[in-house]
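Number of protein chains: 2
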Amino acid sequence: MENVTLNVQGMSCNHCVKAIEGSVGELNGVKSVKVDLNEGTVDVDYNPNEVNVAVIKEAIDDQGYEVE
Amino acid sequence: MENVTLNVQGMSCNHCVKAIEGSVGELNGVKSVKVDLNEGTVDVDYNPNEVNVAVIKEAIDDQGYEVE
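First to last, the sequence lines map onto chains A and B. Numbering-wise, the first sequence is residues 1 to 68 according to our numbering. Numbering-wise, the second sequence is residues 101 to 168 according to our numbering.
Here it is in C-alpha cells:
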C-alpha cells in the first residue's frame, strides 16, 4: 500500500467532498480517500500494483477540479 | 405568477446550484428557479395559489443553506 496527498483547487463544499471521494474511492486499487476542504488536499491510500497517481489525478480532474 | 429573489449564504459551486434548483424546482407551483452564485441569490417564479415564500425558503434550508 502507498499513500499520496494531492493539492486540489476548487473544492468548496460537502458536495465537492462527496464527488471526489466517490469517484476516487470507486477506482480499483484505492483503499481509502479523504478530502480536507480547509487544507485543499485529497489523501489517498492505494495499491500501486492496481492503480497509480496519474489515474487518481484523472479521476479528480474528471470531476472538474484542478490538481496542482 | 409572482417572483421572489432570496439572498442565500453558503452556495459555493455548481453542485450547490443543482441541489437548490432541483429541490426548489420540484415544489408544486414553482415555475422556474435560477441560482446566481456570484450574487448569492436564488430567483424564483411561482404561483402564489400553490406555494409561498416560506415553503421555498424551507426547501433551500433543507439543503443546508441559510436564507437571509
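Don't be surprised by glycine CBs; every beta carbon is placed ideally from N, CA and C.
When the Cα atoms are used, what is the spatial distance from B/Gly140 to B/Ile160? Distance between the alpha carbons of B/Gly140 and B/Ile160 is about 13 Å.
Quiz item: Taking the alpha-carbon positions, what's the A/Cys16 to B/Asn147 distance?
Solution: Going from the Cα of A/Cys16 to the Cα of B/Asn147 covers about 33 Å.
Fill in: Check whether B/Leu163 and B/Ser123 have beta carbons under 7 Å apart
Note that residue 163 of chain B is Gln in the sequence shown, not Leu. Contact: yes.
Per-residue contacts from B/Val119 into chain A (C-beta, under 9 Å): Here residue 119 of chain B is Ala; the residue named in the question, Val, does not match the sequence. Those are His15, listed as they occur along chain A.
Problem set entry | C-alpha distance - A/Glu99 paired with A/Val30, whole-angstrom precision | Since the first residue of chain A shown is 1 and the last is 68, residue 99 of chain A is not available in this structure.
*Is the beta carbon of B/Glu169 sitting closer than 7 Å to the one on B/Asn128?*
This structure does not reach residue 169 of chain B, given that chain B is present from 101 up to 168, and the question cannot be answered.
9 Å Cβ cut-off: residues of chain C touching B/Ser112
Here chain C cannot be found, since the structure's protein chains are A and B.
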